[in-house]
Amino acid sequence: MTRSLIYSLFFHAIIILLTILSLPFMLRQPIDLPPIVSVELIQISDKTNIPYAPKARKVIEKVKKEEKRVVSEQAPPAAKAKEKPDRIPMPDEEKEEKKLVKKKQNPEEVEPQVRQSSEFEKKEIIDTNQIAALIDKAKEEEALTEKTSSKLTQSSQKNSFASGLTLSQEDALRAQIFGCWSIPLGLPYDDNLLVRIKLKLKKDGTVLKSEILDHERMNRPDQKFYKILAESALRAVRICQPLKVPPTGYEKWKDLQLNFNPTEMLKG
Amino acid sequence: MKKIFILSFLIILQSTFAHSLIKVDITRGNLDPLPIAVSPLHVDPKSEISENIKVKELGDKISEVIENNFRATGLFNPLKKEAFVQKPDIAHLKPRFEDWRLIKAQALVTGKLLVKDDKLKIEFRLWDLTASKEMIALAFTTTPTNWRRVAHIISDKIYERLTGEEGYFDTRVIYVAESGPKDRRVKKLAIMDQDGANTKYLTLGNELVLTPRFNPANQLVTYLSYFRNLPRVYLLDIETGVQEVVGNFPGMTFAPRFSPDGKKIIMSFAKDGNSDIYTMDLETRVVERITDHSSIDTSPSYSPDGKYIAFNSDRSGLQQIYVMKSDGSNVKRVTFGKGLYGTPVWSPRGDLIAFTKVRKGRFYIGVMRVDGTGERLLTENYYQEAPSWSPNGRVLIFYRETKSDSKGKGHSAKLWSIDITGYNERKIKTETDASDPSWSSLLSK
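Same order as they appear, the protein sequences are chains A and B.
1 is the number of the first residue of the first sequence in our numbering; add one for each residue after it.
269 is the number of the first residue of the second sequence in our numbering; add one for each residue after it.
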């Protein structure tokens, strides 16, 4: 009896001792985590990609040749040449670039900067001029490719299938229609009220033909809300036209489907 | 053979790609009011002169009523008439759509009227300006004095065509008109059109009147009035003016309200210091007890299908809202938020319950789903209560009191309306102070 008591006391004492010794070390300081940086994962289509600079392209092509397997997985080699028409910048962009170049070449503005600038800055100014020259060259190249590929080929259609509109083009179109669409507020938000409209567009973005895909729903007496919603969607398209479509790749977007779904907005 | 195979494969591939369709999802839009042009109604020159009514001005007046109705919804933006290019008579025949589109209108209302043989004939058309087509065209014939109602009916038809839900313009509001100082308040029963026009007083103000409620099925009204200091439940037919006492109940009676079919009245009355909920069949006059609990159960309101009743009770300690089956079984508490909840009113659509909430000395009007989830407080103030639904379940009308100063002055009670989205809070013009509003169903239904 006494022996077991001694054992018990002994082991208890050991446990207490271990606890006293180890507990302070058990305390963990909170990990100082860096602030969370949110990163949006987006699918990059061909147009969203920054066009390769001529030099960079050569390097990339070299690398690709070395890693032939990877190339074949990503895209067929023939597609490289066919990507060119898509890389033509939009007319608006071209104008902006031209303006910028002019400003930089303006002697009145540049000269005082050169006088006061450090060597590093001088280099930078020279660099910009070089870049401007490069841009001009690139434009010439692109203009040539545009001439040669004025007729749309099978390959460009291929690209359109792979990518559709670019994210920015799609966003621009979406934002434009958001502004034109007055959502009828009396609609029930728990119903299936998706209106699909198929559009046939002209090159300037005006609507040639609009067709509601579930047209038979429009005339059903129990689908009053659907009719109201479809009408509001059609109004939005008509008010918005010409739609903000890219200047190139008409074949890609001449047929366009818009899916109007107000559920999120109505739920608030 | 191999070439043919490859060629056919390529053709199939091409056709697949050629038919690929770009799809763009549009999940957002603007909630701006729809720009609408309400052209003055063209008065037919063949119109005869009618007594008491200036026929020539009628076209302008009707379009003004329609315009005001639309503006009050917050869903439409009626455009200024000065910008209109086309004359009413030509616009009614065939509008030049491009002219109307120029002023950014998306819908156009045109119409004409003719007064002949002491009858007013009005026709109107609603045009979709973006699609360049007529959306609806209707004609009405009535007595010339009834022109305001026709304007409301036209507003309802247009509202329904453009929003998909029923309108609420051809309706009336019954309320308690208050006047005099707070300690000697005169309370009369009054009725007006939903836009504040055509006010009529239904009682003289000798007796105190409380809680008037419309029958959802017709133009009957039930209300509470004190006779020799005892509350009585009355029934009043607004069309005929016939009034009758429904019952002389022992003790205090509160908040009588109709069942959705209009055949019963549901109310609470206090017996031996305990309030419970009772119904009374209006035909047989049989009274049935619905709740039997030691707590105070008041403010019952039926669901539109008549299967459930919402009421408030302090059985959990604090006043909260409960829902039960119409026979009194299956009582469930639905509000669990902080503060006191009262005056539940079931929406005519059946999807929401409006209520008054009191928390930290402030009063809120809110809505929630029938199971108590999705609570949304629409408006907050010093004192406000008694929400009542528009017949389409989109707008609530309630009354709000302002605080009186230390001398007892500055106290007022006014009617207000608010959209269930919490936007478009509006004060409704009444001749006197007003409280306890109740919205009728559509008169033309």
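Beta carbons: idealized from backbone N, C-alpha and C, even for Gly.
Here the structure is a predicted model, which is why all the values come from computation and not from measurement.
Going by the beta-carbon positions, is the gap between residue i and residue j smaller than 8 Å?
{"i": "residue 367/B", "j": "residue 353/B", "result": "yes"}
{"i": "residue 657/B", "j": "residue 646/B", "result": "no"}
{"i": "residue 443/B", "j": "residue 639/B", "result": "no"}
{"i": "residue 271/A", "j": "residue 580/B", "result": "This structure cannot settle anything about residue 271/A, because the visible part of chain A is limited to 1 through 268."}
{"i": "residue 485/B", "j": "residue 530/B", "result": "yes"}
{"i": "residue 558/B", "j": "residue 618/B", "result": "no"}
{"i": "residue 707/B", "j": "residue 439/B", "result": "yes"}
{"i": "residue 310/B", "j": "residue 380/B", "result": "yes"}
{"i": "residue 476/B", "j": "residue 457/B", "result": "no"}
{"i": "residue 543/B", "j": "residue 565/B", "result": "yes"}
{"i": "residue 463/B", "j": "residue 340/B", "result": "yes"}
{"i": "residue 435/B", "j": "residue 660/B", "result": "yes"}
{"i": "residue 578/B", "j": "residue 524/B", "result": "no"}
Can you tell which of the options has its C-alpha closest to the C-alpha of residue i?
{"i": "residue 224/A", "options": "10/A, 188/A, 202/A and 236/A", "result": "188/A"}
{"i": "residue 164/A", "options": "242/A, 250/A, 204/A and 17/A", "result": "250/A"}
{"i": "residue 605/B", "options": "572/B, 577/B, 538/B and 642/B", "result": "642/B"}
{"i": "residue 582/B", "options": "572/B, 609/B and 437/B", "result": "609/B"}
{"i": "residue 513/B", "options": "523/B, 524/B, 500/B and 525/B", "result": "500/B"}
{"i": "residue 408/B", "options": "422/B, 401/B and 360/B", "result": "422/B"}
{"i": "residue 502/B", "options": "538/B, 550/B and 543/B", "result": "550/B"}
{"i": "residue 474/B", "options": "446/B, 546/B and 462/B", "result": "446/B"}
{"i": "residue 692/B", "options": "710/B, 304/B, 344/B and 289/B", "result": "344/B"}
{"i": "residue 481/B", "options": "522/B, 425/B, 515/B and 468/B", "result": "522/B"}
{"i": "residue 441/B", "options": "479/B, 587/B, 449/B and 538/B", "result": "479/B"}
{"i": "residue 675/B", "options": "450/B, 365/B and 394/B", "result": "450/B"}
Which class does residue i belong to by DSSP, given the choice of helix, strand or coil?
{"i": "residue 517/B", "result": "coil"}
{"i": "residue 437/B", "result": "coil"}
{"i": "residue 310/B", "result": "strand"}
{"i": "residue 181/A", "result": "coil"}
{"i": "residue 1/A", "result": "coil"}
{"i": "residue 107/A", "result": "With a pLDDT of 41 at residue 107/A, under the threshold of 50, the predicted position of this residue should be treated as unreliable, and no value is reported."}
{"i": "residue 593/B", "result": "strand"}
{"i": "residue 527/B", "result": "coil"}
{"i": "residue 693/B", "result": "coil"}
{"i": "residue 634/B", "result": "strand"}
{"i": "residue 431/B", "result": "helix"}
{"i": "residue 686/B", "result": "strand"}
{"i": "residue 402/B", "result": "strand"}
{"i": "residue 547/B", "result": "strand"}
{"i": "residue 221/A", "result": "coil"}
{"i": "residue 337/B", "result": "helix"}
{"i": "residue 384/B", "result": "strand"}
{"i": "residue 169/A", "result": "helix"}
{"i": "residue 709/B", "result": "coil"}
{"i": "residue 474/B", "result": "coil"}
{"i": "residue 554/B", "result": "coil"}
{"i": "residue 327/B", "result": "helix"}
{"i": "residue 211/A", "result": "strand"}
Compute every distance between the C-beta of residue i and the non-hydrogen atoms of the ligand MN, then say whether any falls below 7 Å.
{"i": "residue 525/B", "result": "For the ligand MN, the structure offers nothing, since it holds no ligand at all."}
Express the C-alpha separation of residue j and residue i in angstroms, rounding to a whole number.
{"i": "residue 548/B", "j": "residue 594/B", "result": "13 Å"}
{"i": "residue 534/B", "j": "residue 527/B", "result": "7 Å"}
{"i": "residue 494/B", "j": "residue 574/B", "result": "29 Å"}
{"i": "residue 4/A", "j": "residue 11/A", "result": "10 Å"}
{"i": "residue 634/B", "j": "residue 532/B", "result": "27 Å"}
{"i": "residue 167/A", "j": "residue 246/A", "result": "12 Å"}
{"i": "residue 385/B", "j": "residue 465/B", "result": "27 Å"}
{"i": "residue 625/B", "j": "residue 631/B", "result": "6 Å"}
{"i": "residue 193/A", "j": "residue 219/A", "result": "15 Å"}
{"i": "residue 186/A", "j": "residue 662/B", "result": "8 Å"}
{"i": "residue 555/B", "j": "residue 546/B", "result": "7 Å"}
{"i": "residue 570/B", "j": "residue 689/B", "result": "23 Å"}
{"i": "residue 370/B", "j": "residue 411/B", "result": "37 Å"}
{"i": "residue 655/B", "j": "residue 314/B", "result": "47 Å"}
{"i": "residue 628/B", "j": "residue 648/B", "result": "11 Å"}
{"i": "residue 713/B", "j": "residue 256/A", "result": "44 Å"}
{"i": "residue 228/A", "j": "residue 694/B", "result": "27 Å"}
{"i": "residue 305/B", "j": "residue 374/B", "result": "8 Å"}
{"i": "residue 234/A", "j": "residue 260/A", "result": "10 Å"}
{"i": "residue 536/B", "j": "residue 563/B", "result": "12 Å"}
Could you tell me whether the stretch 690–703 of chain B touches the stretch 424–433 of chain B, using the rule of 3 or more Cβ pairs below 8 Å? no
May I ask you to verify whether the stretch 317–330 of chain B touches the stretch 196–216 of chain A, counting CB pairs closer than 8 Å and requiring at least 3? no
Check whether the stretch 167–177 of chain A touches the stretch 290–308 of chain B, taking contact to mean three or more Cβ pairs, one atom from each stretch, closer than 8 Å. yes
Could you check whether the stretch 316–323 of chain B touches the stretch 343–351 of chain B, counting it as contact only if at least three pairs of C-beta atoms, one from each stretch, sit closer than 8 Å? Counting Cβ pairs under 8 Å, fewer than three are found: no touch.
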